[in-house]
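Chemist:
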Amino acid sequence: MNLMKSLIPAAAIVALPQIGLAQEAATGEAALHTQYIFTTLLFLMAGFLVFFMAAGFAMLEGGLVRSKNVAMQMIKNVALFSFAAIMYWLIGFNLMYPGDGWTIAGWVGPFFKTTVLDPVGVGADAAALDYASVGSDFFFQLVFVAATASIVSGAVAERIKLWPFLVFVIVLTGVMYPISGSWQWGGGWLSEAGFSDFAGSTIVHSVGGWAALAGALILGPRIGKYKDGKVHPMPGSNLALATLGTFILWLGWFGFNGGSQLAMGTVGDVSDVSRIFANTNMAAAAGAVAALILTQLLYKKPDLTMVLNGALAGLVSITAEPLAPTLFGALWIGAVGGIIVVFAVPMLDKFKIDDVVGAIPVHLFAGIWGTIAVIFYGEASLGTQLLGILAYGLFTFVGALILWSILKSTVGIRVSEEDEINGLDMAELGMEAYPEFSKG
Numbered sequence: 001m002n003l004m005k006s007l008i009p010a011a012a013i014v015a016l017p018q019i020g021l022a023q024e025a026a027t028g029e030a031a032l033h034t035q036y037i038f039t040t041l042l043f044l045m046a047g048f049l050v051f052f053m054a055a056g057f058a059m060l061e062g063g064l065v066r067s068k069n070v071a072m073q074m075i076k077n078v079a080l081f082s083f084a085a086i087m088y089w090l091i092g093f094n095l096m097y098p099g100d101g102w103t104i105a106g107w108v109g110p111f112f113k114t115t116v117l118d119p120v121g122v123g124a125d126a127a128a129l130d131y132a133s134v135g136s137d138f139f140f141q142l143v144f145v146a147a148t149a150s151i152v153s154g155a156v157a158e159r160i161k162l163w164p165f166l167v168f169v170i171v172l173t174g175v176m177y178p179i180s181g182s183w184q185w186g187g188g189w190l191s192e193a194g195f196s197d198f199a200g201s202t203i204v205h206s207v208g209g210w211a212a213l214a215g216a217l218i219l220g221p222r223i224g225k226y227k228d229g230k231v232h233p234m235p236g237s238n239l240a241l242a243t244l245g246t247f248i249l250w251l252g253w254f255g256f257n258g259g260s261q262l263a264m265g266t267v268g269d270v271s272d273v274s275r276i277f278a279n280t281n282m283a284a285a286a287g288a289v290a291a292l293i294l295t296q297l298l299y300k301k302p303d304l305t306m307v308l309n310g311a312l313a314g315l316v317s318i319t320a321e322p323l324a325p326t327l328f329g330a331l332w333i334g335a336v337g338g339i340i341v342v343f344a345v346p347m348l349d350k351f352k353i354d355d356v357v358g359a360i361p362v363h364l365f366a367g368i369w370g371t372i373a374v375i376f377y378g379e380a381s382l383g384t385q386l387l388g389i390l391a392y393g394l395f396t397f398v399g400a401l402i403l404w405s406i407l408k409s410t411v412g413i414r415v416s417e418e419d420e421i422n423g424l425d426m427a428e429l430g431m432e433a434y435p436e437f438s439k440g
């Protein structure tokens with residue numbers, strides 16, 4: 001060894017540590033490149049899975065409304081996603097993720113700061129190598145806000161006018177959702193307080209549920225739903241379509257929760273994503289089974305719509321913390337969600353709150369439950385979780401109530417009695433989804 005060392009020039013010996021440092025730096029840079037590439041890929045893959053949930057919401061709602069209102073639900077779902085995409089670019093993304101650009105620190109970000117993508121062919125020297133591309137991040141966050149608006153669509157179906165509904169969507173997706181989302185995911189005051197919501201049981205689902213509840217209260221029930229002290233069922237047009245919609249939502253939820261890992265550049269990250277997939281699936285299955293068994297016990301026959309909503313409630317329940325629980329933990333959390341739906345649907349009917357598709361029990365009630373359930377496996381405290389639930393509830397419900405009331409008193413939000421009886425497809429659109437069949 002000493003002989004070999006004596007043969008190496010002194011200058012080379014001095015340079016050896018520098019070479020080692022250069023190699024170490026190159027290795028670190030390569031790791032950053034890998035992290036950037038794979039996290040960007042995660043956002044894109046998860047994003048198009050969550051985008052497909054738009055089809056799931058459309059099919060679910062189309063199957064659960066009567067045939068005379070199906071075309072209306074289809075156009076609402078296409079339009080709400082499209083308006084959400086534009087508003088999130090125009091205002092929402094930077095309002096929700098202001099970085100150092102808060103207008104009111106921790107509470108409100110900058111308004112009218114449009115999203116700017118990375119330059120074409122951006123190099124590694126200019127990219128945010130510690131995260132992901134702007135385009136992938138923007139797209140992934142966008143599909144979440146559209147899901148929030150879809151929740152409202154189903155609850156207020158069969159009696160709302162198209163354009164007032166879309167005005168509500170514009171404000172919800174461009175302003176309300178991004179402001180409240182910034183409190184947690186944008187690094188705002190709730191994040192600093194220790195509130196925890198991994199993928200949005202409260203930030204997405206209960207926000208949509210609160211907005212839907214406000215809309216259902218201002219609109220009132222459908223004609224004939226509550227009459228002579230009784231609840232009169234109004235069966236949907238196509239339960240096969242509703243079932244397809246549920247499976248599409250179930251599939252999309254893997255992107256919803258899995259993508260919320262927000263990283264796929266290490267072995268640990270990829271393993272965690274797989275763990276999230278498994279827990280998400282278990283919660284959905286448990287919610288469906290719980291609703292199946294419970295409706296058999298209560299009504300002597302299983303109820304398909306309850307089973308579908310039970311699966312969705314299980315998914316909502318696990319969304320606040322899909323990583324930390326064991327598979328058994330995901331099972332019982334999801335099962336509680338399914339039980340909540342079975343009891344919450346008739347409870348709303350007792351209060352004469354007409355929710356056509358069961359969006360409020362699924363997204364609001366199960367969302368609240370899922371946010372509380374974080375304390376059993378996560379590090380958040382019950383106090384901070386309740387604080388977050390209260391903050392989102394007050395902000396969204398009061399804001400939505402005011403907005404719905406303004407729309408009602410100015411342009412009107414409900415169709416006429418005649419139009420409601422004849423169906424919104426002809427009244428609002430002048431076309432029918434099923435023109436060959438009699439109106440249902």
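The letter at position 337 of the sequence shown is residue 337 when you use full-length UniProt numbering, and the numbering goes up by one with no holes.
We treat Cβ as the ideally placed atom computed from N, Cα and C, and that holds for glycine.
1) Alpha carbon to alpha carbon, what distance is there between residue 378 and residue 326?
2) Straight-line CA distance for residue 149 to residue 393?
3) What are the residues that DSSP puts in a beta bridge with residue 414?
4) Which stretch, first to last residue, makes up the alpha helix (DSSP H) that contains residue 195?
5) Indicate the three-state DSSP secondary structure (helix, strand or coil) for residue 177 in the structure shown.
6) Decide if residue 125 is buried, meaning its Cβ has at least 16 other Cβ atoms within 10 Å, or exposed.
7) Which residue comes first and which comes last in the alpha helix (DSSP H) that contains residue 87?
8) Which residues in the same chain have their Cβ closer than 7 Å to the Cβ of residue 403, if we skip the five residues on either side of it in sequence?
9) Could you have a look at residue 226 and say whether DSSP puts it in helix, strand or coil?
10) Helix, strand or coil: which one does DSSP assign to residue 353?
11) Check residue 108 in the structure and name its three-state DSSP category.
12) Given a threshold of 16 other Cβ atoms within 10 Å of its Cβ, counted over all protein chains shown, does residue 64 qualify as buried or as exposed?
13) The alpha helix (DSSP H) with residue 434 in it runs from where to where?
14) Taking the alpha-carbon positions, what's the residue 99 to residue 110 distance?
15) Is it a yes or a no for the stretch 92-106 touching the stretch 129-142, going by three-plus beta-carbon pairs under 8 Å?
16) Measuring straight from C-alpha to C-alpha, what distance separates residue 55 and residue 429?
17) Looking at C-alpha atoms only, which residue of 221, 51, 41 and 37 is the closest neighbour of residue 250?
18) From the DSSP output, in three-state form, read off residue 231 for me.
19) Sorted by chain position, which residues of the same chain lie with C-beta nearer than 8 Å to residue 375's C-beta, five sequence neighbours on each side aside?
20) Does the distance from the C-beta atom of residue 283 to that of residue 317 stay below 7 Å?
21) Could you tell me the alpha carbon to alpha carbon distance between residue 207 and residue 297, rounded to whole angstroms?
Modeler: Reading it off the structure:
1) 12 Å
2) 16 Å
3) 160
4) Note, residue 195: premise wrong, no alpha helix (DSSP H); not H, not E.
5) helix
6) exposed
7) 70-87
8) 168 and 171
9) strand
10) coil
11) strand
12) buried
13) No alpha helix (DSSP H) holds residue 434; DSSP gives it neither H nor E.
14) 10 Å
15) yes
16) 20 Å
17) 51
18) strand
19) 381, 382 and 385
20) yes
21) 32 Å
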